[in-house]
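Chemist: Note that the numbering used here has the sequence shown beginning at 2, numbered continuously upward.
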Amino acid sequence: MSQSVAAYEKLLADPDVAFAVDLATRAGALLADRPESLTVETKTTDTDVVTHMDQLAESLIVSAIELGRPKDGLLGEEGADKPSESGRRWVIDPIDGTVNYLYQLPHWCVSIALVEEETDQGLVGVVTAPSLNTMFVAARNSGSYRVTGSTVQQLKVSSQRDLSQSLVGTGFGYASARRAHQAQVLTGMLPNVRDIRRLGSCALDLCLVASGELDAYYERGVKPWDHAAGSLIVQEAGGQVSGLNETKPSESMIVAANPILLPQVLEILVAQKADQGA
Ligand code: IPD
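1) Give the secondary structure of residue 340 by DSSP, where H, G and I count as helix, E and B as strand, and everything else as coil.
2) Kindly examine the ligand IPD and report whether one of its heavy atoms sits closer than 6 Å to the Cβ of residue 47.
3) Between which residues of its own chain and residue 153 is the CB-CB distance below 6 Å, once the five residues before and five after are set aside?
4) Mind the definition here: the stretch 223-239 touches the stretch 153-173 only if three or more C-beta pairs lie below 8 Å; say whether that holds.
5) Express the C-alpha separation of residue 217 and residue 266 in angstroms, rounding to a whole number.
6) Any idea if residue 255 is buried or exposed, counting beta-carbon neighbours within 10 angstroms, 16 or more meaning buried?
7) In chain order, which continuous runs of the beta strand (DSSP E) of length 3 or greater are located wholly inside the stretch 159-212?
8) For residue 93 versus residue 62, is the C-beta distance shorter than 7 Å?
9) Under 8 Å, with one C-beta from each stretch per pair, do the stretch 186-205 and the stretch 48-60 reach the 3-pair mark?
10) Under a three-way DSSP split, which group does residue 9 fall into?
11) Which whole-angstrom value describes the C-beta separation of residue 69 and residue 230, a residue pair presumed to lie in contact below a C-beta threshold of 8 Å?
12) Using a Cβ-based criterion (distance less than 6 Å to any ligand heavy atom), does residue 227 qualify as near the ligand IPD?
13) Counting along the chain, where does the alpha helix (DSSP H) carrying residue 54 start and finish?
14) Looking at residue 99 and the ligand IPD, is the gap between the Cβ and the nearest heavy atom below 6 Å?
15) Please report the distance separating the alpha-carbon of residue 3 from that of residue 177.
16) If you reduce the DSSP assignment to three classes, tell me which class residue 314 lands in.
17) Touch check for the stretch 123-143 and the stretch 162-171: three-plus C-beta pairs under 8 Å?
18) Under 8 Å, with one C-beta from each stretch per pair, do the stretch 80-87 and the stretch 39-55 reach the 3-pair mark?
19) Give every residue of the same chain whose Cβ lies closer than 7 Å to the Cβ of residue 15, excluding the five residues on either side of it in the sequence, and list them in chain order.
20) Tell me whether residue 53 is buried or exposed, calling it buried when 16 or more other Cβ atoms sit within 10 Å of its Cβ.
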């Protein structure tokens with residue numbers, strides 16, 4: 002048995018990790034069986050969509066948590082919101098990358114995190130992408146892993162030290178004014194990096210920073226359910242996740258990279274006033 006498989010099996014012996022992996026697997030299977038026609042509604046803007054599959058997946062996850070972890074709190078993209086009696090909270094995005102899901106592009110995932118309320122730090126993070134046949138799993142102080150079929154790989158962020166040679170992921174919000182500002186910030190970033198990727202799922206972008214397939218990621222406007230699991234997966238792979246002028250990521254800005262690149266990304270974002278404006 003390889004070292005990674007043995008370490009991952011040890012991780013799965015933690016009941017919270019096993020519980021989260023099982024939940025993500027069940028929700029992922031439900032979503033992978035995508036009906037040809039989806040019921041689509043809009044949320045904050047006409048381009049911010051939710052399908053009935055997002056709602057079905059969230060209710061599957063929420064019912065299982067209420068049954069299995071009744072004292073834990075809940076926060077979900079599609080409305081789950083329950084105070085915690087245990088000091089722990091599950092933060093759920095039933096589909097991160099909903100627009101990809103709608104268009105049948107493979108970059109969508111289920112993101113489930115268990116967070117310690119006092120510190121707001123992740124305890125467990127699971128991101129599963131059924132169309133990519135891949136699951137990312139991390140637990141605090143236990144490392145980050147990618148599971149593809151029977152292959153398990155322990156993750157490590159890229160060792161790139163030079164922003165001009167870096168592949169940087171980002172994303173855009175759903176409101177027009179926010180996008181106009183994000184486009185302006187991009188004009189300051191693009192000439193300074195190898196290239197930019199916009200893959201359409203914050204959670205997967207973070208997992209790709211953890212695996213070294215992206216060197217860095219930044220975005221303004223993402224919510225806790227988009228980044229809670231992915232942030233732990235980055236940290237456990239040796240990366241850092243921060244805000245712009247604060248140590249913690251927030252809706253104002255999230256930046257993730259290895260510790261050498263992170264300040265270089267921050268410097269450009271500060272110069273572009275990326276956390277100001279819309
Ligand atoms: C979105 C994705 C996207 C990011 C948006 C998020 P959703 O989440 O993570 O990559 O750019 O800011 O809102 O709506 O697909 O759950």
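Heads up, the beta-carbon is just placed ideally off N, CA and C, and yes, glycines get one too.
Modeler: Let's see:
1) Residue 340 lies beyond the stretch modelled for the chain, which goes from 2 to 279, so this question has no answer here.
2) no
3) 5, 6, 9 and 146
4) yes
5) 8 Å
6) buried
7) 168-171 and 196-198
8) yes
9) no
10) helix
11) About 18 Å; that fails the 8 Å criterion.
12) yes
13) 53-69
14) yes
15) 49 Å
16) The question about residue 314 has no answer here: the residues shown for the chain are numbered 2 through 279.
17) no
18) no
19) 140
20) exposed
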